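Visitor: The sequence shown begins at 9 in my numbering and counts up one residue at a time.
For every residue, glycine included, the Cβ atom is placed at its ideal position computed from N, Cα and C.
Here the structure is a predicted model, which is why all the values come from computation and not from measurement.
The structure is given below, and queries will be raised subsequently.
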Amino acid sequence: MKTSIGIWIDKEKAFIVTLNDSQGFKMIPSYIADHYFEAKRVPHSERAGHTQIDLKERVQKHEHEVIKNYLKKVLSELKDASEIVIFGPSNMKNELKKMIEEDHNLASKLKAVENADFMTHNQIVAWVKTFFRGSARYTKTAV
């Protein structure tokens with residue numbers, strides 16, 4: 009059974025549309041906005057004895073971990089995929105693409121990474137269905 013998965017992603021959330029014998033739709037929140045709220049409350053630096061600690065750097069490392077965990081959650085939904093398309097308005101789709109390309113099992117299944125505006129749930133599902141109906145026109149070079 010062929011399982012086609014489309015992922016609309018931005019910094020706030022990812023919508024995963026699964027098409028096979030049935031149709032699935034799942035939302036994964038990023039919690040990145042919560043991280044930014046906490047980061048604003050952190051002072052720029054503090055002293056620990058004679059050592060100056062750069063808290064801004066610590067916050068950036070934490071942000072990187074929050075994003076990495078978010079993308080790992082999205083990747084965990086792709087294990088049964090036969091083919092994958094990523095689309096969305098932000099650069100997060102390119103970060104997800106990099107992680108997919110690092111996984112040799114998933115890399116060959118990635119068909120395209122496309123720019124797309126903000127969409128409703130119904131528009132996302134329709135976009136994925138339209139993409140995979142016409143996916144013969146896409147090749148690995150389209151990625």
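1. Among the candidates Lys-10, Ile-13, Ala-22, whose CA atom is the shortest distance from the CA of Met-127?
2. Please classify Lys-117: does DSSP put it in a helix, a strand, or coil?
3. Could you have a look at Glu-122 and say whether DSSP puts it in helix, strand or coil?
4. For Thr-11, does the three-state DSSP call read helix, strand or coil?
5. Using the Cβ count rule (16 or more neighbours within 10 Å means buried), how would you classify Ala-134?
6. The alpha helix (DSSP H) spanning Lys-137 covers which residue range?
7. To the nearest angstrom, how far is the alpha carbon of Val-136 from that of Ala-89?
8. Which residue or residues does DSSP assign as beta-bridge partners of Leu-27?
9. Compute the Euclidean distance between the alpha carbons of Thr-138 and Lys-64, then round it to the nearest angstrom.
10. Using a Cβ-Cβ cutoff of less than 8 Å, which residues in the same chain neighbour Pro-97 once the five nearest sequence positions on both sides are dropped?
11. For Gly-32, count neighbouring C-beta atoms within 10 Å of its own C-beta (all shown protein chains included) and say buried if the count is 16 or more, exposed if not.
12. Tell me which residue opens and which closes the beta strand (DSSP E) that Glu-1 is part of.
13. Once you ignore the five residues that flank Ile-24 on each side, which residues in its own chain have a CB closer than 6 Å to its CB?
14. CB-CB under 6 Å to Phe-95, same chain, minus the five flanking residues each way: which ones, in chain order?
15. Can you tell which of His-70, Thr-11, Lys-87, Leu-118 has the C-alpha that lies nearest to the C-alpha of Asn-102?
Guide: If we stick to the structure as given:
1. Position 119 of the sequence shown, counted from the first residue, corresponds to residue 127. Closest option to Met-127, Cα to Cα, is Ala-22.
2. As a first step, residue 117 is located in the sequence shown; it is residue number 109 there, counting from the start. In this structure, Lys-117 counts as coil in the three-state DSSP scheme.
3. Locating residue 122 in the sequence shown gives position 114, counting from the first residue. Note: Glu-122 maps to strand in three-state DSSP.
4. Translated into positions along the sequence shown, residue 11 becomes position 3. Three-state DSSP puts Thr-11 in coil, outside helix and strand.
5. In the sequence shown, counting from the first residue as 1, residue 134 sits at position 126. So Ala-134 counts as exposed.
6. Reading the sequence shown from its first residue, position 129 is the one you call residue 137. Its alpha helix (DSSP H) spans residues 129-141.
7. One-based indexing of the sequence shown puts residue 136 at position 128. One-based indexing of the sequence shown puts residue 89 at position 81. Between Val-136 and Ala-89, the C-alpha separation is close to 14 Å.
8. As a working mapping, residue 27 is identified with position 19 in the sequence shown. Partner(s): Ser-12, Gln-31.
9. Here the question's residue 138 lines up with position 130 in the sequence shown. Here the question's residue 64 lines up with position 56 in the sequence shown. Approximately 44 Å between the Cα atoms of the pair.
10. Sequence index remark: in the sequence shown, residue 97 carries index 89 (1-based). The answer, listed in chain order, is Asp-18, Asn-123, Ala-124, Asp-125, Phe-126.
11. Counting from 1 along the sequence shown, the entry for residue 32 is found at position 24. Counting Cβ neighbours within 10 Å, Gly-32 comes out exposed, since fewer than 16 surround it.
12. Summary: the structure shown does not reach residue 1, with the chain confined to residues 9 through 151, and so no result is reported for it.
13. Counting from 1 along the sequence shown, the entry for residue 24 is found at position 16. Contacts found: Ile-15, Lys-34, Glu-85.
14. The residue you call residue 95 lines up with position 87 of the sequence shown. Taken in chain order, the residues that qualify are Trp-16, Glu-122, Ala-124.
15. Locating residue 102 in the sequence shown gives position 94, counting from the first residue. The candidate whose alpha carbon is nearest that of Asn-102 is Leu-118.
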